[in-house]
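Note sheet for the following structure.
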Amino acid sequence: MAKKVVPETDRRRRKPTKQGVVLTEEMIVQTALRMLHEHGREGLTVRRLGVALGADPSTLYRYFRGTDDLTLAIADELIGRALRGWEASGDWRADLRDVGLRIHTAYLNHPEAAVLTANRVSGRANEIATDEAILGILRSAGLPDPDAVRVYQAFIDLTLAFAALDAASLALPEAARAADEEVWRATYAQLSPETHPNIAATAPLLVARMNDSAYPTTLEMLLDSAAATLEAG
Numbered sequence: 002m003a004k005k006v007v008p009e010t011d012r013r014r015r016k017p018t019k020q021g022v023v024l025t026e027e028m029i030v031q032t033a034l035r036m037l038h039e040h041g042r043e044g045l046t047v048r049r050l051g052v053a054l055g056a057d058p059s060t061l062y063r064y065f066r067g068t069d070d071l072t073l074a075i076a077d078e079l080i081g082r083a084l085r086g087w088e089a090s091g092d093w094r095a096d097l098r099d100v101g102l103r104i105h106t107a108y109l110n111h112p113e114a115a116v117l118t119a120n121r122v123s124g125r126a127n128e129i130a131t132d133e134a135i136l137g138i139l140r141s142a143g144l145p146d147p148d149a150v151r152v153y154q155a156f157i158d159l160t161l162a163f164a165a166l167d168a169a170s171l172a173l174p175e176a177a178r179a180a181d182e183e184v185w186r187a188t189y190a191q192l193s194p195e196t197h198p199n200i201a202a203t204a205p206l207l208v209a210r211m212n213d214s215a216y217p218t219t220l221e222m223l224l225d226s227a228a229a230t231l232e233a234g
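According to this note's numbering, the sequence shown is numbered sequentially starting from 2.
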């Protein structure tokens, strides 16, 4: 049975940790992000989190229903960081591009957390505010609601999918990531034009591009599609 979550006002009245700090949900999330960065997903446990906070591990359950609830809070923190300080310019295409790149960057700044959370739907404040902003951009551009929702779904799924894909590469051990990146030069670029004419013909271009994220290019394709829908309407 899930443990009862104590309201924030009640939590703040509790005694400090061994380190003399009164815990908050935000502090736990920030510590969890740091642990994911330093130790990876396997290193984030209730016991280790308690040690890092200087608190009994069971204290976590006063703030979250469990580790999955904490995961959703981490997801909401990442999306919140993406739009912190963002303001719409009124140019729908520039605004949508900016939001997408901000989300992608925010996730790549925390690759372990991104892999853990990119596929989750938290229903929390930052996520809701972001969805409201994206739909607002699309509806203000003049897209009918069915098209706005269609583009919204494609946009957010594209953005989070690339965030997860690119973050997974960044989360690899350095040696493994370097080895993967080297394959384009050491293997693909060495293939014979007699057996692999298409790869051989484009090898220099492949070497130059394939270790970079395709998200900016794919995002522009999506924006082109949305613009075409607007023009056709």
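C-beta: ideal position from N, C-alpha, C; glycine also. Note that this is a predicted model, so its numbers are computed, not measured.
Practice problem: Report yes if the CB atom of L61 is closer than 8 Å to the CB atom of T32, and no otherwise. | Solution: As a working note, residue 61 is residue 60 in the sequence shown. As a working note, residue 32 is residue 31 in the sequence shown. Not in contact: L61 and T32 (Cβ atoms no closer than 8 Å).
Quiz prompt | N127, DSSP secondary structure in three states | solution = As a first step, residue 127 must be located in the sequence shown, where it is residue number 126. Correct three-state label for N127: helix.
Quiz item: Under a Cβ-count criterion, where at least 16 other Cβ atoms within 10 Å of its own Cβ denotes burial, should E195 be classed as buried or exposed?
Solution: Taking the sequence shown and counting its residues from 1, the one referred to as residue 195 is at position 194. Exposed: under 16 other Cβ atoms inside 10 Å.
Quiz item: Of the choices T160, L45 and R186, whose alpha-carbon is the least far from that of L109?
Solution: Here the question's residue 109 lines up with position 108 in the sequence shown. When T160, L45 and R186 are compared, the shortest CA-CA separation from L109 is found for T160.
Self-check item: Ranges of the beta strand (DSSP E) found wholly within the segment 136-220, counting only runs of at least 3
Solution: none
Quiz item: Can you find a heavy atom of the ligand HEM that lies under 7 Å from the Cβ of E128?
Solution: Of the ligands one can find in the structure shown there are none, so the ligand HEM has no counterpart to examine.
Practice problem: Report the rounded CA-to-CA distance for A79 versus L37, giving the unit in angstroms. | Solution: To locate residue 79, count along the sequence shown from 1; it is residue 78. To locate residue 37, count along the sequence shown from 1; it is residue 36. Reading the sequence as shown, one finds Leu at residue 79 and not Ala. So the alpha carbons of these two residues sit roughly 13 Å apart.
Quiz item: If you draw a straight line from the C-alpha of T230 to the C-alpha of E221, how long is it?
Solution: Against the sequence shown, residue 230 aligns to sequence position 229. Against the sequence shown, residue 221 aligns to sequence position 220. Roughly 14 Å between the two C-alpha positions.
Quiz item: Whose C-alpha, out of S193, S170 and A126, is nearest the C-alpha of A74?
Solution: Stepping through the sequence shown from its first residue, residue 74 is reached at position 73. Of the listed residues, the one whose Cα sits closest to A74 is A126.
Self-check item: Beta-carbon gap between V208 and R178 smaller than 8 Å
Solution: Along the sequence shown, one-based indexing puts residue 208 at 207. Along the sequence shown, one-based indexing puts residue 178 at 177. For V208 and R178, no; Cβs fall outside 8 Å.
Quiz item: Is it right to say L173 is buried, meaning 16 or more other beta carbons lie within 10 angstroms of its own, or is it exposed?
Solution: Counted from its first residue, the sequence shown places residue 173 at position 172. Classification of L173: exposed, given that the 10 Å Cβ count is below 16.
Self-check item: Whether A134 touches V100 by CB criterion (8 Å)
Solution: Taking the sequence shown and counting its residues from 1, one reaches residue 134 at position 133. Taking the sequence shown and counting its residues from 1, one reaches residue 100 at position 99. Yes, they are a contact pair.
Quiz item: Hey, how far is the Cα of V30 from the Cα of T68?
Solution: The residue given as residue 30 occupies position 29 in the sequence shown. The residue given as residue 68 occupies position 67 in the sequence shown. For V30 and T68, the distance between alpha carbons rounds to 11 Å.
Quiz item: For E27, which of L45, L54, H40 and R48 has the nearest alpha-carbon?
Solution: Start at 1 with the first residue of the sequence shown, and residue 27 comes out as number 26. It is L54 whose Cα lies nearest to the Cα of E27.
Practice problem: Look up I64 in the DSSP assignment and say whether it is helix, strand or coil. | Solution: Position 63 of the sequence shown holds residue 64. The question names Ile, yet the displayed sequence has Tyr at residue 64. DSSP places Y64 in coil when its eight states are reduced to three.
Quiz item: By the 10 Å Cβ neighbour count, where 16 or more other Cβ atoms means buried, how is T106 classified, buried or exposed?
Solution: In the sequence shown, residue 106 corresponds to position 105, counting from 1. Counting Cβ neighbours within 10 Å, T106 comes out exposed, since fewer than 16 surround it.
Quiz prompt | Pairwise C-alpha distance: G234 and L223 | solution = Walking along the sequence shown from the start, residue 223 turns up at place 222. Walking along the sequence shown from the start, residue 234 turns up at place 233. Roughly 17 Å separates the two Cα atoms.
Exercise. Would you identify the three-state DSSP class for H1, choosing helix, strand or coil?
Key: Past the edges of the chain, shown from 2 to 234, lies residue 1, and the structure says nothing about it.
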